[in-house]
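The structure appears right after this line, and notes come after that.
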Amino acid sequence: MNFFALPVHFVQAPNELKAWFLSLLASFGVPAWLLVVISAVLVIGTIIGVFLVLFALTSVLERKILARVQNRYGPNRVGPCGLFQPVADGIKMITKEDLVPRSADKIVHFLAPVVMMVPALMVLAILPYGRDMVPAELDAGILYFFAVGAGTEVAVFMAGWGSNNKYSVLGAMRAIAQMVSYELPLIISAVVVAMVTGSLAPSAIVTAQGDFAFGFFPGWYVFTPWGFVACLLFYIAALAESNRCPFDLPEGESELVAGHLTEYSGFKYATFFMAEYVGMFAICGLLVTLFLGGWQAPLPFLTIVPSWCWFFGKVAFVAFTMIWVRATLPRMRIDHLMTFAWKFMLPMSFAAFLAAACWHYAGRGPLAWALSAVIVGVPYLVLGNHFTARFSVTNRRYQFSE
Amino acid sequence: MNEFLQRLNALSWDACSQWLVLIPSGVMLLAAAAAAALRNLIHAALCLTLSFIALGIVFIALGAEFVGLVQLLVYVGAVAMLIVFAILLTRPSDLAGAKSPFAGLGPVGGILTGAGLLVALLAFIFSSPVAKTALPPAPVAPVAKIGELLMGSYIVPLQVVGVLLTAALIGAAVLAMEDKQP
Amino acid sequence: MSALDSVGSDEARTLDISLGPQHPSTHGVFRMNVTLEGETVVKLKPVFGYLHRNHEKIAEKNSWLAAMPYTDRLDYICPITNNWAYAFAVEKLAGIEVAERAEYLRVIVGELTRLQNHAAFLGFVLGDMGAWGSALMYAFREREKILDLFESLTGARMMCNYMRFGGCRCDLPPGWIEAALKVVDYFPAFLDEMEALLTGNEILLARLQGVAPLGAARAINGGMSGPVLRASGVDYDIRKVDGYGIYNRFKFRVPRGEVGDCYDRFMLRVIEARESVGILKQAIAGLPGGPIVNPKAKQRGFRPPAGEAYGRIESPKGELGFYLISDGSDRPYRFRIRPPSLINLTLLEELCIGTKIADVMIILGTVDIVLGEVDR
Amino acid sequence: MNIPGSGIFKGLVVTARNFVGSYFEKDRLTTEQYPEERPTLPENARSFPFLVYDGTDPETGMRCVSCKICEKECPPQCIFIVQDRDAAGKAIKRPKVFNIDIAVCMSCQICVEVCPFESIRMDNAYELSAYDRFSSLLLDKSKLLKSNTYYRSIHPTEAAETDGRIEADRLKKEAAAAAKAAAAQKAAAEKAAKAVEAAPELQKPEASA
Chain A
692 MNFFALPVHF VQAPNELKAW FLSLLASFGV PAWLLVVISA VLVIGTIIGV
742 FLVLFALTSV LERKILARVQ NRYGPNRVGP CGLFQPVADG IKMITKEDLV
792 PRSADKIVHF LAPVVMMVPA LMVLAILPYG RDMVPAELDA GILYFFAVGA
842 GTEVAVFMAG WGSNNKYSVL GAMRAIAQMV SYELPLIISA VVVAMVTGSL
892 APSAIVTAQG DFAFGFFPGW YVFTPWGFVA CLLFYIAALA ESNRCPFDLP
942 EGESELVAGH LTEYSGFKYA TFFMAEYVGM FAICGLLVTL FLGGWQAPLP
992 FLTIVPSWCW FFGKVAFVAF TMIWVRATLP RMRIDHLMTF AWKFMLPMSF
1042 AAFLAAACWH YAGRGPLAWA LSAVIVGVPY LVLGNHFTAR FSVTNRRYQF
1092 SE
Chain B
439 MNEFLQRLNA LSWDACSQWL VLIPSGVMLL AAAAAAALRN LIHAALCLTL
489 SFIALGIVFI ALGAEFVGLV QLLVYVGAVA MLIVFAILLT RPSDLAGAKS
539 PFAGLGPVGG ILTGAGLLVA LLAFIFSSPV AKTALPPAPV APVAKIGELL
589 MGSYIVPLQV VGVLLTAALI GAAVLAMEDK QP
Chain C
538 MSALDSVGSD EARTLDISLG PQHPSTHGVF RMNVTLEGET VVKLKPVFGY
588 LHRNHEKIAE KNSWLAAMPY TDRLDYICPI TNNWAYAFAV EKLAGIEVAE
638 RAEYLRVIVG ELTRLQNHAA FLGFVLGDMG AWGSALMYAF REREKILDLF
688 ESLTGARMMC NYMRFGGCRC DLPPGWIEAA LKVVDYFPAF LDEMEALLTG
738 NEILLARLQG VAPLGAARAI NGGMSGPVLR ASGVDYDIRK VDGYGIYNRF
788 KFRVPRGEVG DCYDRFMLRV IEARESVGIL KQAIAGLPGG PIVNPKAKQR
838 GFRPPAGEAY GRIESPKGEL GFYLISDGSD RPYRFRIRPP SLINLTLLEE
888 LCIGTKIADV MIILGTVDIV LGEVDR
Chain D
-1 MNIPGSGIFK GLVVTARNFV GSYFEKDRLT TEQYPEERPT LPENARSFPF
49 LVYDGTDPET GMRCVSCKIC EKECPPQCIF IVQDRDAAGK AIKRPKVFNI
99 DIAVCMSCQI CVEVCPFESI RMDNAYELSA YDRFSSLLLD KSKLLKSNTY
149 YRSIHPTEAA ETDGRIEADR LKKEAAAAAK AAAAQKAAAE KAAKAVEAAP
199 ELQKPEASA
């Protein structure tokens, strides 16, 4: 029995596996400093490995999903169902010539992909991947996420400026303007959750969403009116932060060719690509942590499934919706994008803020529910209609002549 | 088992915390020097950003986690970007007319100003009572505690700063809007 | 520091960008020298001629018939209407009667061409707007069906070379009419799907409505034609005005817009496609038997009497005309094309100034050009 | 007052329907998996011209008589013909060189329409990519000549019509020849009768013919 119980236990909680392994090493007399190094390497290696595999998988699945939406097959040549496509892509990317424009700022051009990759990997440290599975248990984990994530802006600027290309500079300017603008609603909608939970620690936020109303309804924040709105705002801002459609203006290929990535090729381009995807997973992971209950199971009896499965399942779901949105929407225009950020997203995130506060002080009951629904609903309708009134189908009439 | 892990974590922190202070401090100073010395404005700005990052790491390594993270968020995420934007949007022609009254002093003036500032700061630090009393053990300052203090004892300064910043924001918006008016 | 000197340089409050000739969304080898102030276009100079193939001069060196396959390559999205315009001009020049059945066939393939052009247009505009290909693929799925019809009728999907003086080259293969009816019957459903995907979409509306409006007077003065002209509210459709071919036998409506902005130009294509479906149904129902080409018309060694003629039709993109002069020999003395794409492009700078750089692509897209026709 | 965002939502529903539908409705997937799946070409499909020959031997069965009409009519002037000559230098109704540069050819099919001898026809082979422009894309007579059987296999209806026409022509020609022969015979007989009647020395030219 013990023989089977242990593996099952380790699947449920892989972190215990590490502790078991380390204590085993300790019992062999491995010095403590080496244990520390091994512990760190194990965690970091696992996280990087998992996310790189996820990146590889997503790069092919995204193409397959996009293809299916467009009624095509998508990549299906390399390996079973085309699943080894990333290998082929990788070989291609590595063997491709690395072109650096003659007039480029060589150092900045070279460093940009590196600088891009660092924050993308660093933010992964604070996500709670499962029960007791936080690589770095930080008191201000959410703050850490945004603080480190700010580094991507520097990287995008470096890429744009270092390439010495007009398209690149325009793309970089767009990217910075967009990221700075959308960071505000992003942070405020996260702050709403921190406020309600009373903590900036991701694990505390997940724990706070762990109970079930009526014994089956999960207490995730997304199922409250303010949480739903904050989640949507966070989602939209996350799309903008990770430069994904419909906010892919920095790369807007129909006018800027490839924006700040125009002059990148080969492995540097692949690094950018990888950083963007890892960054996307990270922000999806934060969204899951903040609003979708993190690693909590959606129904009480489903807790039998390992907690990290729920986390990655939810991340995959959010990532899928991002791909789905990409397959549907056209790109926004820069002025609409800014107007939307400052005149819709920001007021709406304040409304969510207010609604959350009211929800909390009204006792988190049905009344609080209704109150917060009104507080977020009315601004939504008013602001939204203010925005869409100018652009509507109904005010166009077409005359016909026989 | 988790206790074992925690012990390990604590051990690792003790083992490298002094290096975590010293190395970023060195990086910070070098980057700051480079920012002052480099002729290329963008390189200077990027070096300044690097020194901001190193400073944030120093704060974190010293146990001031919250301050360090805010340093990163505000200085790297916003201030550095604003500097970069300002450089990109400024044309040499805008600079040509505007001459600094201290431009004639050259590097000597800069060094003198810096030295003066350093002397003033040191004098202030050594004259304050903090330098004379023995350091108490570093207080553990969880974020919640900081929040309570900001919202409790320091609520008035916080609000004043908030109002000031809002006024600055409105002022900036008004200045920017004037351009658009015909 | 060379390319970016202008970013911070003295003379430039502005940034000059050369979009094209190789660029993801210039619809071929087209170049626009754009001057930007921030993201706003302050100057735009279209440069074309990169796809110039000397079509008009080649036609003057070849026999009358040999110019026909070259017309396929003008607006390669809709070759059949090009064939038609040329055949129509030659018939006018030589006074050739067109066989009754051929007239119906011409209307059927012509309107099918309009359908597939407008379908492709919807996809292209969405592509210019940065939608990741979904609308384009849906549009092309439908367009492929029509191209399949063309292939089984004429032998080629795009280079059809179908019209002949006084008629058409070949008759319908068995089962073609049923296949065509199936495609035509499904087409409104496709348009509905596209509309569900697009016309309510707030992002799309914001990007199209109010962008680059073109007033009726300016549109007329600028020589616009086709959907671009009608979007500006001018009721001018050559199918109605001239009633060439047998168009006056069919009942259809000509839509026109109010504002003349990108949205009107966009929607007009959708509405026009719906009208074309009606024409197609009537034409297929009324298709008579008989010969497909006027037996008196000569194809090889054709020598029209000396004279000149201007034949024009309503191609999907606008007024496509051929101006021909014959000196009685076996080759045209003068062969001149009035391409709607080129003329509609002449107001491009005017439309683009003051818009954002991203709008330029949409404006170019909603004008709906094909470089083969612009440069010839 | 409409709900903002509903248009985007409607669009998302459309793409979701297509996404799910592509797994269940095969006919939604219009693309072909090319090297394995090949398109079924319609009978009229055309790519580049070829020369038809009857029987088994290309040289003797060649229908082309080197009339050069196609060369003259070809819009991009991609056909090049040299007429064959016999040992005595007299022109033979057969091309010595017949080249088509399919890098220039625009598949317009005008050569087919103008050919009075049903000799040049359109192929439908489309996998013609090559590494070398001249050895592979400049087709000479040996590459152009394809049998009537092949022609029948790619364009059955058209080939049947052509064969019918040729057969009719042949029958007509035979009939004409027969009639002519009969007439000649008759005339000869008459002539002979007359000759017999008249001077016997007129028989000389008949012998030489």
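Residue numbers (the numbering used here), protein chains in the order written: chain A, 692 to 1093; chain B, 439 to 620; chain C, 538 to 913; chain D, -1 to 207.
We treat Cβ as the ideally placed atom computed from N, Cα and C, and that holds for glycine.
Residue i, DSSP secondary structure in three states
| i | result |
| --- | --- |
| Phe22 (chain D) | helix |
| Glu681 (chain C) | helix |
| Pro583 (chain C) | strand |
| Met807 (chain A) | helix |
| Arg935 (chain A) | coil |
| Ile6 (chain D) | helix |
| Asp801 (chain C) | helix |
| Gly1068 (chain A) | helix |
| Gln509 (chain B) | helix |
| Asp902 (chain A) | coil |
| Phe787 (chain C) | coil |
| Tyr847 (chain C) | strand |
| Met692 (chain A) | Summary for Met692 (chain A): the model assigns pLDDT 44, below 50, so the residue's position carries little reliability; its value from the coordinates is reported in the next sentence. Three-state result, Met692 (chain A): coil. |
Presumed contact (8 Å Cβ cut-off) between residue i and residue j, rounded CB distance
| i | j | result |
| --- | --- | --- |
| Pro792 (chain C) | Phe801 (chain A) | So it is not a contact: roughly 56 Å between Cβ atoms. |
| Leu908 (chain C) | Val566 (chain C) | 6 Å |
| Ala704 (chain A) | Arg822 (chain A) | 6 Å |
| Pro842 (chain C) | Gly858 (chain C) | With a Cβ gap of about 20 Å, Pro842 (chain C) and Gly858 (chain C) do not count as contacting. |
Cα-Cα separation, residue i to residue j
| i | j | result |
| --- | --- | --- |
| Leu726 (chain A) | Ala717 (chain A) | 7 Å |
| Ser134 (chain D) | Lys91 (chain D) | 27 Å |
| Asn478 (chain B) | Pro893 (chain A) | 41 Å |
| Ile593 (chain B) | Ala482 (chain B) | 37 Å |
| Pro114 (chain D) | Lys66 (chain D) | 11 Å |
| Leu142 (chain D) | Leu49 (chain D) | 5 Å |
| Phe919 (chain A) | Ala1064 (chain A) | 10 Å |
| Lys783 (chain A) | Gly957 (chain A) | 8 Å |
| Val805 (chain A) | Pro606 (chain C) | 55 Å |
| Val897 (chain A) | Leu1074 (chain A) | 31 Å |
| Met439 (chain B) | Asp796 (chain A) | Residue confidence is low: Met439 (chain B) scores 47 on pLDDT, short of 50, so the model does not pin down where it sits. No coordinate-derived value is stated. |
| Tyr149 (chain D) | Val63 (chain D) | 19 Å |
| Ile77 (chain D) | Arg1022 (chain A) | 50 Å |
| Gln201 (chain D) | Ala182 (chain D) | Per-residue confidence for Gln201 (chain D) stands at a pLDDT of 49, beneath the threshold of 50, marking its modelled position as unreliable; no derived number is given. |
| Leu742 (chain C) | Arg840 (chain C) | 53 Å |
With 16 other Cβ atoms within 10 Å as the buried cut-off, status of residue i
| i | result |
| --- | --- |
| Trp724 (chain A) | exposed |
| Leu1058 (chain A) | exposed |
| Thr883 (chain C) | exposed |
| Leu995 (chain A) | In the sequence on display, residue 995 (chain A) carries Ile and not Leu. Exposed, since its Cβ has fewer than 16 Cβ neighbours within 10 Å. |
| His1027 (chain A) | buried |
| Ile798 (chain A) | exposed |
Within 8 Å, strictly: CB atoms of residue i and residue j
| i | j | result |
| --- | --- | --- |
| Leu511 (chain B) | Phe837 (chain A) | yes |
| Lys893 (chain C) | Arg1024 (chain A) | yes |
| Met1094 (chain A) | Phe746 (chain A) | This structure gives no information on residue 1094 (chain A), because the portion of chain A shown stretches from 692 to 1093. |
| Met807 (chain A) | Thr962 (chain A) | yes |
| Leu573 (chain C) | Ile595 (chain C) | no |
| Ser863 (chain C) | Gly844 (chain C) | yes |
| Asn762 (chain A) | Ser20 (chain D) | yes |
| Ala656 (chain C) | Glu688 (chain C) | no |
Which residues of the segment 716 to 743 of chain C have a Cβ closer than 9 Å to any Cβ of chain F? Give them in chain order. Of the protein chains in the structure, A, B, C and D, none is chain F.
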